[in-house]
Every structure is written in C-alpha cells, then in structure tokens.
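First up is the structure itself, then whatever we jot down about it.
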Amino acid sequence: MTMVPSPALSAPKLQRPGLAVSLSLAALLVVVLMAIFAPLVLGLGNDLNPVMRLKPPSAEAWFGTDNLGRDVFVRTMSGARNSVTVGLSTAIVVLLIGGTLGVVAGYFNWVDRFVMRLADGLMAIPGILLAIALVSVLGGGLVTVIIAISVPEIPRTARLMRSVVLSIRELPFITAAISVGSSTPKILLRHIVPNAIGMQSVQATYVCAAAILSEAALSFLGVGTPPDVPSWGNVIASGKEYFRLAPWIIACPGLLLSIMVLSINILGDKLRDRFDPRLAARRAS
C-alpha cells in the first residue's frame, strides 16, 4: 500500500530565481570551471621567478606576484580545485554518515542514546582544533583534510537529521504505514528519508561552505594541503608577511573565497525557503 505524504511536508511551487540566486549560480559555475580546467591550462603556478618578486597586478600578471615571483592569478585559479574538491567531498561524506546516523537515532530510541552522547562529546571539541589534531595524527594530504573536516561536521548533521526524523515519525501516514504491516526498512526508505532529504540538502550547502572555509584555515596554518599544491589558504598565507607591501597576494584569493562561500550560502537560503514555505511567506510579508 503506497502512502501519500502529509500536505504539511509538500514543497511549495517553484518560483523563478531572483537576481542574487542567478548571480550565485553563475559565480559557482565559474569557480567549478576554474577547478576543472585551470590546472590543466595554466598549471599549478609553482615556477619561481626572483626577478618578478612582489610585482603589482599588471597585464603580465593579473593578480600580481608573490615573494617568490610566482603568479598569484595562476595559483588562485588552480587553487579553486582544492576548495571545490574539499567542499563537495566533505558534504557527501557528512550527509551519508551523519544522515544515516540521524535517521537511525531518530527512529530507534535504543540507538538514540548512544549516538547522541557520542555526538555531544565530539561537539564539545572546537571543530578547527579537532581537525588540526586529526591532520597531525593522520598526516597531510587532500584525503586527510577531507576526513579531518568531516569528523566535526558529522555530529551536527546527525542531530539535525534526528530532529527531522523525530517529527516525521509521529505523523499520521507513518502510523498508517506501521498499521498495515510495512517493514521498518520500507518505512525508512520510502517514507521517512524522502521527506527528510529536503532539509538535508539545505544542510549540505552549509557543510560545503564550512568545509571550504575550514580547508582554507588549515592550509593557512600550514597543516592542510602541501605547499606545492596551491589552495586559497596557502596562497593567502604566503602573503601574510607582505600585506603592507603587496596586499594583492591576500586580497585576490580572499575575495574569490568570500564570493564562493557567499554564493553557496545564498543558495542554501533559497533551498530553505523552498522546503519551508513558512519562511518564504514571512520574508514576503
């Protein structure tokens, strides 16, 4: 017997995206294209040129050069690959693991106590400190950075999914599914998960933006990706001692980092309005 979801969980009609959303999508598309093609076309920008040290932006070097004569534009464009890879990979890992734990904890009371106490313990540790500790133990590298950033975000996502599942499982159509003898896996996969996936997509944008910022912070501190692999964090770090003399080393990658995170957050707000019509009505009033 196929159960019809409650009207309270139905999504509102699609609306045409506003200017902010359109600009955000365009900005993210540009960054993704940079991540794919910039390292192939421009290289990694590791060529040293002492004669060109700390040169301001010009036709020869659009974003200027750093203290080693490396082209900041090339390193910034190529560094987008790390940010996109870390952001997307972390969002996928966190949603798969954290979402699964949240569904199980929200539906099974006997699992809830163990999972939530473990989540509380992990959330008591500042995320960036936990990430630094994990990188120190596991060593450097892109995979290690993804793991280190994912671990602090999993408890938060699990708690969010648990709260959504707790509200969904008390709705009449879940009770009806149980009364007609539907199995637990069927109830979870056909009724609970589809109705909770909307809020999880909103959480995915938050996790992606937070992961990009965390990766930049770890690389800035020197515990992220290796120095020979450009990322926005280590490009910014290379200019921190020369900020007064060559502010473009920090300004250019920092601006792109801010634009990307802002664009993701704007899309997250739009998705939240999409799956919570009460917020959309409140903003429209």
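Numbered per this note's numbering, the sequence shown spans residues -9 to 275.
For each residue, glycine too, the CB sits at the ideal point set by N, CA and C.
This structure is a prediction, so every number in the text was calculated from the model and none was measured.
Quiz prompt | Residue from Met151, Ile164, Ala206 and Gly117 whose Cα sits closest to the Cα of Leu247 | solution = Ala206
Self-check item: Inter-residue CB distance, Ile137 and Cys198 (contact presumed, cutoff 8 Å)
Solution: Ile137 to Cys198, Cβ: 16 Å. No contact.
Quiz item: How many angstroms separate the CA atom of Met144 from the CA atom of Leu91?
Solution: According to the sequence as given, residue 144 is Ile; it is not Met. Between Ile144 and Leu91, the C-alpha separation is close to 9 Å.
Practice problem: Have a look at Lys45 and Gln190 and give me their C-alpha separation to the nearest angstrom. | Solution: If I take the Cα positions, the gap works out to 46 Å.
Exercise. Classify Pro2 as buried or exposed, calling it buried when 16 or more other Cβ atoms lie within 10 Å of its own Cβ.
Key: Unreliable positioning characterises Pro2 in this predicted model, as indicated by a pLDDT of 44, which lies under 50. The coordinate reading is nonetheless provided below. With a 10 Å radius around the Cβ and a threshold of 16 neighbouring Cβ atoms, Pro2 comes out exposed.
Exercise. Can you tell me which of the three DSSP states Thr134 falls into?
Key: Helix, per DSSP.
Quiz item: If you compare alpha carbons, which of Val251, Trp222 and Val154 is closest to Phe63?
Solution: Trp222
Quiz item: Where do the N-terminal and C-terminal ends of the alpha helix (DSSP H) with Asn36 fall, by residue?
Solution: First-last for Asn36: undefined, no H or E at that position.
Quiz item: Along the chain, where does the alpha helix (DSSP H) that runs through Met42 open and close?
Solution: Premise fails: Met42 is in no alpha helix (DSSP H) and is neither H nor E.
Practice problem: Quick one: give me the first and last residue of the alpha helix (DSSP H) that Ile177 is part of. | Solution: Ile177 -> alpha helix (DSSP H) spans Thr174 to Ile177.
Quiz prompt | For Thr147, three-class secondary structure by DSSP | solution = helix
Quiz item: What's the call for Lys230, buried or exposed, on a 16-neighbour Cβ count within 10 Å?
Solution: Lys230 comes out exposed.
Quiz item: Are the CB atoms of Asp102 and Tyr232 nearer to each other than 9 Å?
Solution: no
Practice problem: Under 8 Å by Cβ, that's how I've got Ile226 and Gly244 pegged, so tell me the actual separation to the nearest angstrom. | Solution: 6 Å
Exercise. Determine the closest residue to Leu78 out of His181, Gln193, Arg43 and Tyr97, with distance taken between C-alpha atoms.
Key: Gln193
Quiz item: Ala148 and Ala70 look like a contact to me (Cβ under 8 Å); what is the Cβ gap, rounded to whole Å?
Solution: For a cut-off of 8 Å, the C-beta gap from Ala148 to Ala70 is around 30 Å, too long to register as a contact.
Quiz item: Going along the chain, which residues of its own chain have a beta-carbon closer than 7 Å to the beta-carbon of Val155, five neighbours each way excluded?
Solution: Gly92, Val93, Gly96, Tyr97, Ile182 and Ala186
Quiz item: By how many angstroms is the C-alpha of Thr66 removed from the C-alpha of Phe27?
Solution: 13 Å
Practice problem: Return helix, strand or coil for Thr215, following the three-state DSSP convention. | Solution: coil
Quiz prompt | Within 9 Å, strictly: CB atoms of Asn72 and Leu132 | solution = Taking 9 Å as the Cβ cut-off, Asn72 and Leu132 qualify as a contacting pair.
Exercise. Find out if the Cβ-Cβ distance for the pair Met151, Gly88 is shorter than 9 Å.
Key: For the pair Met151 and Gly88, the CB atoms are nearer than the 9 Å cut-off.
Self-check item: For Asp263, three-class secondary structure by DSSP
Solution: Looking at Asp263 - three-state DSSP - the assignment turns out to be helix.
Quiz prompt | Rounded separation between Ser209 and Val219 - CA only | solution = 10 Å
Practice problem: Determine the closest residue to Pro184 out of Phe265, Ala241 and Ile240, with distance taken between C-alpha atoms. | Solution: Phe265
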